[in-house]
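So the number in this note's numbering is just where the residue sits in the sequence shown, counting from 1, plus 1338. Think of the CB as a built atom: it goes at the ideal place given N, C-alpha and C, for glycine as much as any other residue. Have a look at the structure below before the remarks.
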Amino acid sequence: MQATQPAFFKQGPKPLTRLLIFSTLSVALMVGDVHYQVLGRVREQVSFVLYPLQWLATAPFAALHEARDFFTRQAVLIAEHRKLNDQILVARAKAMRVDALTAENEQLRGLALSQSQRAQSSRLTEILYSGRDPFSAKLIVDLGENGGITPGKIVVDTEGVVGQVVRVQPMTSEVRLITDRNHAVPVMVQRSRLRTVVYGMGAGQPLEVRYLPPNADIKEGDLLVTSGLDGLYAPGLPVATITRIERPSGSPFPRIQSRPVAGIDSHRFLLILDNPPAPPPYPAASGPAAAKGA
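Next up, the structure:
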């Protein structure tokens, strides 16, 4: 009895035969697809079915690419933002400098005009810095003994009295402001010609008019000018404007405050006035008074 080979070991067509069959089928499909589009519908269905798989396969790479582009754009935007901020800061600094120079030029023109209109000769000076003592109101200016400055000279700006030279060095001078506690200026109410004295109350504080009777002819808004009675201040220099008048019931004197008209803390250049001409000597006594004095 002849043994038969199990079906498991049975072989199909030979490899060459299969190659010919599949090659012929492939050529037929290509020819049919080119001329008759027989596989177009099949491709559409296959593409529709495979699209989710394609999207899942490419999603990580697309997400990575988008993230890289996002961070690149963010870095570029941050760099541009910083550059624009730097340009804005530079432009603002230049604008502020231009504004400061414009203000200085306006002040210098005003001082030059004021200098030409004053009968007293004067010298232009620049503020170097404020005094070191925090309890006094003083400035240091760049003119000193070598510039012909002596103690007692009056310092003004385009608006009015700023202070008085109290100490002189070879190259600098110390100016005591009218707001200093140790400074007093003989003044006169321009409207009523009432003479009085205005006192400083400290840096940043108003000026005070003291020891006037309750019925004194003075009111808010009055301008105080130098009276010239001390021989140091030329008469008529603006000093302060009355801002408040209080009449406490328990005090015999009204409380009067005023605001300096000069730009105490806002100007860089000032004028130092020469001393006014000395007043004529007091006339000698004659007659019985002279005999009595003798």
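Around the CB of Arg1514, 16 or more other CB atoms lie within 10 Å, so the residue is classed as buried.
Taking the C-beta atoms as reference points, Leu1545 is found no nearer than 9 Å to Thr1564.
For the set Pro1586, Pro1398, Asp1424 and Leu1609, the Cα lying nearest the Cα of Leu1550 is the one of Pro1586.
Taking 3 residues as the shortest admissible run, the segment 1492-1525 contains the following complete beta strand (DSSP E) segments, listed from N- to C-terminal end: 1492-1494, 1499-1506 and 1511-1515. Excluding five sequence positions before and after Gly1490, the CB atoms of its chain that fall closer than 7 Å to its own CB belong to Gln1502, Val1503, Leu1570 and Asn1613, given in chain order. The count of Cβ pairs closer than 8 Å, one atom from the segment 1586-1601 and one from the segment 1473-1484, stays below three, leaving the stretches out of contact. Following the DSSP letters along the chain, one finds Arg1597 inside the beta strand (DSSP E) bounded by residues Arg1593 to Pro1598. Ala1400 sits in a helix when the DSSP states are folded into three classes. DSSP, reduced to helix, strand and coil, places Arg1461 within a strand of the structure shown. With respect to the 9 Å criterion, Gly1559 and Thr1534 are not classified as neighbours on the basis of their beta carbons. With a threshold of 16 other beta carbon atoms within 10 Å, Glu1382 falls short and is exposed. The segment 1529-1572 is shown to contain whole beta strand (DSSP E) runs of 3 or more residues at 1533-1537, 1545-1547 and 1561-1564, in chain order.
In this structure, the CA atom of Pro1552 is about 28 Å from the CA atom of Ala1572. Residue burial annotation: Leu1388 is exposed, with fewer than 16 other C-beta atoms found within 10 angstroms of its C-beta. Counting only residues of its own chain and dropping the five nearest sequence neighbours on each side, Ile1359 has a CB closer than 8 Å to the CB of Pro1351.
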